[in-house]
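UniProt numbering applies: residue 1 is where the sequence shown begins, and numbers increase by one. Yeah, the Cβ is synthetic: ideal placement off N, Cα and C, and Gly gets one too. Here is the structure we will look at, set down as structure tokens.
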Amino acid sequence: AKCCGTLVSPDRRYVLVGPCCCWGRCELIDLTTGAVRAFGPEDVRLGMRKWKPDSSAVFCELIHRPADPNADRNSGPREYLLLGANGRVLARHLEPKPVYLGGFYQFTADGQAVVTSHGLLVRPQPWQVVDVKPRIAAHLPGVEPNQIDLYWLGASGWFGVFVPDAGMYAVDARAERFVRLCGRPTCALSPDGRYLAEVRCRGPNDEVVVRSSPLPAAERRAVGADAPAAAGAKP
């Protein structure tokens, strides 16, 4: 169909289809059975959307038509849904005013929250939005919250922070534990969020493993070349 945005689930079983440039109905297609489930109002546009890592649900933004026909098409109410792969709506939140959460969404690897590029941590169930940038800025003297950009690390409970002229960091989902990432952004985190491995510039093959734990601060220890690297780490 024309002007439709599609998003395939990580397990390649489901496809989310919805109108991005026009008004219409959103659908969830099961590629294994051919079943098609419509969801949401009939007169919406599909905004940002992201599948949970285990493909069990998708978090999506529905943009409603504004009451004023002459108003900007993005000025209508925003509805946020956590839609189960079986078509059931697991959580729903309606914002009467347009609330822009960010230019991209990424689930934390544990699937409990969505991190947005605007520095917001969104928990769909129950609905909660936390601005984590002020907490991050508290660790960086002289850095304002609006200078902070977030990116996806792919590790449970952690996301990445980039600050121009200040470097790159890994921050836990509550912005309580803060680890500087030395070197380039090619560092690797294990999928379970327990280990982080990177090559430091201070010496050849000097790898640092960071263990995510309930402790107030991340535990660090240097390892030699014969120590097990973090999952997905490159030598």
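Option in the options with minimal Cα separation from residue i
| i | options | result |
| --- | --- | --- |
| Glu42 | Glu27, Val114, Gln128 and Tyr100 | Glu27 |
| Ala166 | Pro66, Ala109 and Gly142 | Gly142 |
| Asp110 | Met48, Phe159 and Ala170 | Phe159 |
| Thr6 | Ala35, Cys60 and Thr32 | Cys60 |
| Ser75 | Leu83, Pro66 and Leu81 | Pro66 |
| Gln128 | Val114, Ile148, Leu140 and Ile136 | Val114 |
| Arg78 | Asp72, Ile136 and Glu95 | Glu95 |
| Leu120 | Ile63, Arg13, Asp172 and Leu31 | Asp172 |
| Val58 | Asp68, Asp72 and Ile29 | Ile29 |
| Ala85 | Tyr169, Trp23, Ala35 and Leu140 | Ala35 |
| Val15 | Leu31, Tyr169, Arg177 and Trp23 | Leu31 |
| Arg73 | Arg177, Ile63, Leu82 and Leu81 | Ile63 |
| Ala137 | Asp131, Arg13 and Pro145 | Pro145 |
| Trp23 | Pro69, Arg13 and Arg12 | Pro69 |
| Leu140 | Leu81, Arg49 and Met168 | Met168 |
| Lys97 | Leu82, Ala71 and Val130 | Ala71 |
Neighbourhood of residue i by C-beta, 6 Å cutoff - its chain only, sequence neighbours within 5 removed
| i | result |
| --- | --- |
| Ser9 | Trp51 and Ser55 |
| Arg25 | Ala38 and Glu42 |
| Thr116 | Leu101, Gly102 and Tyr105 |
| Tyr80 | Glu61 and His93 |
Coil, strand or helix - residue i by DSSP
| i | result |
| --- | --- |
| Val15 | strand |
| Leu7 | strand |
heavy atom of the ligand MG below 7 Å from residue i C-beta
| i | result |
| --- | --- |
| Asp149 | Although the ligand MG was asked about, the structure shown includes no ligands whatsoever. |
Beta-carbon proximity list for residue i, same chain, < 7 Å, skipping 5 on both sides
| i | result |
| --- | --- |
| Pro53 | Pro10, Phe107, Ala109 and Gly111 |
| Gly87 | Leu28, Arg37 and Phe39 |
| Arg180 | Gly167 and Tyr169 |
| Asp131 | Gly119 and Leu120 |
Residues of its chain near residue i, where Cβ-Cβ distance is below 8 Å and the 5 sequence neighbours each way are ignored
| i | result |
| --- | --- |
| Pro164 | Gln147 |
| Glu82 | According to the sequence as given, residue 82 is Leu; it is not Glu. Closer than 8 Å at the Cβ level, and outside the excluded window around Leu82, lie Ala57, Val58, Phe59, Val89, Leu90, Ala91, Arg92, Pro124 and Gln125. |
**Request:** Determine, using beta-carbon pairs with one atom in the region 84–93 and one in the region 120–131, whether at least three such pairs fall under 8 Å.
**Result:** Contact between the region 84–93 and the region 120–131 is present, with at least three C-beta pairs closer than 8 Å.
**Request:** Kindly provide the ranges of any beta strand (DSSP E) runs that are 3 or more residues long and lie completely inside the region 46–76, ordered along the chain.
**Result:** Counting only runs of 3 or more residues that sit fully inside the region 46–76, the beta strand (DSSP E) segments are 57–64, in chain order.
**Request:** Counting only runs of 4+ residues fully inside the region 96–145, write out the alpha helix (DSSP H) ranges in chain order.
**Result:** Taking only runs of at least 4 residues, the alpha helix (DSSP H) segments lying wholly in the region 96–145 are 133–137.
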